[in-house]
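Residue numbers (the working numbering): 120 to 352.
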């Protein structure tokens, strides 16, 4: 259970950054790479690539950059230059990663096959440094980054928690959201510090959750027919 997760290793908390335009990336069942941006009360799509059908995972770092765990388990960082994505291969052997999520332009979080929670950080030359910041994360089903350091956890029983580094020297701390059940959620992605989206099953509806100071997370439907989505991030 998530309440038994152990937090460790305090790391520096610097700023907050997610996609500022409310965007997220998708790989669909046709192998297309699609960027979705907010459009009124829903999202509008732009196809930005094809041949992504064997990709294992994607996650956004900021508006123009995302990570991919490739079919051969190399890790690539993709950056939009205004007309196309430029690839930088930044790692290999990422078959040990079970879940990943971006939390800022140069940081992401991983849960590995050893049930460790790991923070990764890029330097200016795309070299990676890692810190193990937690253990016993094997029951976690989904994670979604929202800020630095802030991410959502969907627990094995469908419970929802925010994890924060409050800068108190105690590592990441849990804020559990009583009464929320996300056991029907298939895919999840963070939008910004107060919002995340999910695709449920079996209906394939798209919902956005917005954090209200008094009410907690408020759920609103943003679309339907999303069973064609294979990955989002």
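The C-beta atom is built at its ideal place from N, Cα and C for all residues, glycine as well.
* Asked: Looking only at its own chain, which residues have a Cβ that is under 8 Å from the Cβ of residue 134, when we skip the five neighbours before and after it?
  -> Note on residue 134: pLDDT 32, under 50, position unreliable in the model; the coordinate value appears next. Hits under 8 Å: 223, 267.
* Pick from 289, 301, 250, 285: whose alpha carbon is nearest that of residue 274? -> Cα-wise, what sits closest to residue 274 is 301.
* Asked: Roughly how many angstroms lie between the CA atoms of residue 261 and residue 202, to the nearest whole one?
  -> So the two alpha carbons sit approximately 32 Å from each other.
* Asked: Can you tell which of 316, 209, 147, 298 has the C-alpha that lies nearest to the C-alpha of residue 264?
  -> Per the C-alpha coordinates, the member of 316, 209, 147, 298 positioned closest to residue 264 is 316.
* Entirely within the segment 260-302 and at least 3 residues each: give me those beta strand (DSSP E) ranges in chain order. => Note on the segment 260-302: whole beta strand (DSSP E) runs with a minimum of 3 residues are 261-266, 269-273, 279-284, 291-296, in chain order.
* Asked: Between the Cα of residue 249 and the Cα atoms of 243, 269, 226, which residue gives the shortest distance?
  -> Distances from the alpha-carbon of residue 249 to those of 243, 269, 226 put 226 closest.
* To do: Locate the beta strand (DSSP E) running through residue 348, then write down its first and last residues.
  => Its beta strand (DSSP E) spans residues 348-351.
* Asked: What's the C-alpha gap between residue 210 and residue 328?
  -> The straight-line gap from Cα to Cα measures roughly 33 Å.
* Once you ignore the five residues that flank residue 353 on each side, which residues in its own chain have a CB closer than 6 Å to its CB? -> Residue numbering for the chain in the displayed model covers 120 to 352; residue 353 lies beyond these limits and cannot be assessed.
* Nearest candidate by alpha-carbon position, reference residue 322, set 342, 221, 291 -> When each option's Cα is compared against that of residue 322, the closest is 342.
* C-alpha distance - residue 242 paired with residue 257, whole-angstrom precision -> Rounded to whole angstroms, residue 242 to residue 257 spans 29 Å at the Cα level.
* **Among 157, 280, 151, 214, the one whose alpha carbon lies nearest that of residue 142** => Of 157, 280, 151, 214, the smallest CA-CA separation from residue 142 is found for 157.
* Asked: In three-state terms, what does DSSP make of residue 213?
  -> Residue 213: helix per DSSP, three-state reduction.
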